[in-house]
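Student: One structure coming up, written as structure tokens, with questions to follow.
Numbering (the working numbering), first residue to last: 26 to 129.
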């Protein structure tokens with residue numbers, strides 16, 4: 026299965042998020058990360074894990090509310106805004122929030 030870009034990358038036990046826009050960005054980042062601690066979600070909501078350097082689809086389902094919490098934690102960690110103000114109805118909205126947070 027081919028991921029639908031962009032991908033949201035989450036490292037377990039860390040509030041940091043990263044939006045990867047392309048396969049090239051993923052290839053540039055993957056060697057700097059510990060694969061067993063990564064969760065990646067594509068723009069269609071499909072969850073992936075890294076195995077032997079490759080993205081493998083997972084049966085894991087991550088609720089939109091959980092991703093909202095991740096984005097909220099990420100925003101607060103970076104001093105952008107209060108987590109109570111985060112709300113989203115779609116992954117696309119959350120991806121745009123992460124994109125904004127990365128750029129500002």
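Beta carbons are placed, not taken as given, at the ideal position from N, Cα and C, and that holds for glycine.
Predicted model only: the values in this text are computed from it and were never measured.
With a threshold of 8 Å on Cβ separation, who are the neighbours of residue 76 within its own chain once the five nearest residues in sequence on each side are excluded?
Tutor: The residues are 60.
Student: Check each candidate in 51, 124, 72 and name the one with the smallest Cα separation from residue 100.
Tutor: Of 51, 124, 72, the residue nearest in Cα terms is 124.
Student: Ignore the nearest five residues each way along the sequence and tell me which others in residue 32's own chain have a CB closer than 6 Å to its CB.
Tutor: 45, 65, 67.
Student: Would you mind sorting residue 18 into buried or exposed? The rule is 16 or more other CB atoms within 10 Å of its CB.
Tutor: This structure gives no information on residue 18, because the portion of the chain shown stretches from 26 to 129.
Student: Taking only the alpha-carbon atoms, compute the straight-line gap between residue 111 and residue 73 and give it to the nearest angstrom.
Tutor: One C-alpha to the other measures close to 25 Å.
Student: For residue 53 and residue 114, I'd like the C-alpha separation in whole angstroms.
Tutor: Residue 53 and residue 114: Cα-Cα distance of roughly 31 Å.
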